[in-house]
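Peer 1: Residues in the sequence shown are numbered consecutively from 1414, following the numbering used here.
Even glycine gets a Cβ: it sits at the ideal position worked out from N, Cα and C.
Quantities reported herein were computed from a predicted structural model and do not represent experimental measurements.
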Amino acid sequence: MPLDELRHRYRALIDPSADPGTRAPTVFRIDLTDPPLRGDLRESLTALFARDPGIDVVALAADGTTIGLVPRDVVDDPDEPPLRSDGDTGGALPGYSTGYELLYFTCSQCAGLQVLTHLDDDEPPLCARAPEHGSLTRIER
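#1: Leaving out five residues before and five after Leu-1529 in sequence, what residues of the same chain have Cβ atoms less than 6 Å from its Cβ?
#2: Quick one: what's got a C-beta closer than 8 Å to Asp-1465's C-beta in the same chain, skipping five residues either side?
#3: Would Leu-1445 be called buried (16 or more neighbouring beta carbons within 10 Å of its own) or exposed?
#4: Would you call Pro-1484 buried or exposed, if buried means 16 or more other Cβ atoms sit within 10 Å of its Cβ?
#5: Give the secondary structure of Pro-1484 by DSSP, where H, G and I count as helix, E and B as strand, and everything else as coil.
#6: Following the continuous beta strand (DSSP E) through Thr-1530, name the residue where it begins and the one where it ends.
#7: What do you get for Arg-1455, buried or exposed, if any count of 16 or more other CB atoms within 10 angstroms of its CB means buried?
#8: Given Val-1470, which residues of its chain have a CB within under 6 Å of its CB, disregarding the five upstream and five downstream residues?
#9: As a quick exercise: from Arg-1551, Ala-1475, Ala-1472, pick the residue whose alpha carbon is nearest that of Leu-1532.
#10: Please report the residue range of the beta strand (DSSP E) in which Ala-1460 lies.
#11: So what's Arg-1420 in DSSP terms, helix, strand or just coil?
#12: Among Leu-1549, Asp-1417, Gly-1525, Pro-1429, whose alpha-carbon lies nearest the alpha-carbon of Asp-1378?
#13: Excluding sequence positions up to five away, which residues of its chain have a Cβ less than 8 Å from the Cβ of Leu-1461?
#14: Can you give the Cα-Cα distance for Leu-1426 and Gln-1527, rounded to whole angstroms?
Here it is in structure tokens:
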């Protein structure tokens, strides 16, 4: 997955104004071949911050490049529900959504995963990584 896509995926966690402080931040490595979903990453970072109270900011890195910095206060309250997006603005909405069901699709050729909230014309989507792979298969998660 390209780094720009990861920055977009994790935009609700990354704070562009975060300061790494006087020491290098702790690095959390993202596997480009299987990057975690934002909620899973948030859970992992919450656990990391809980294990080490001295960490104030974590640098997300993939392929030797820093994607962004995640400060403690973004994931500080483990009882707080994960952030939801308000669309493409990157704004976060509190709480859990109750207005839709997530639809999960996978590509049989590249194992790409797409998560949608609706289908146009009830047709499965094409693979976003390589449309020539054809229609995706719906899976239950």
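Peer 2: Taking the structure as given:
#1: Leu-1516
#2: Thr-1439
#3: exposed
#4: buried
#5: strand
#6: Where Thr-1530 is concerned, there is no enclosing beta strand (DSSP E), given that its DSSP letter is neither H nor E.
#7: buried
#8: Ala-1431, Pro-1433, Pro-1438, Leu-1482, Pro-1484
#9: Arg-1551
#10: Note, Ala-1460: premise wrong, no beta strand (DSSP E); alpha helix (DSSP H) at 1451–1464.
#11: helix
#12: One cannot answer for residue 1378 here, as it falls past the ends of the chain, which runs 1414 to 1554.
#13: Thr-1439, Phe-1441, Ile-1468, Val-1471
#14: 20 Å
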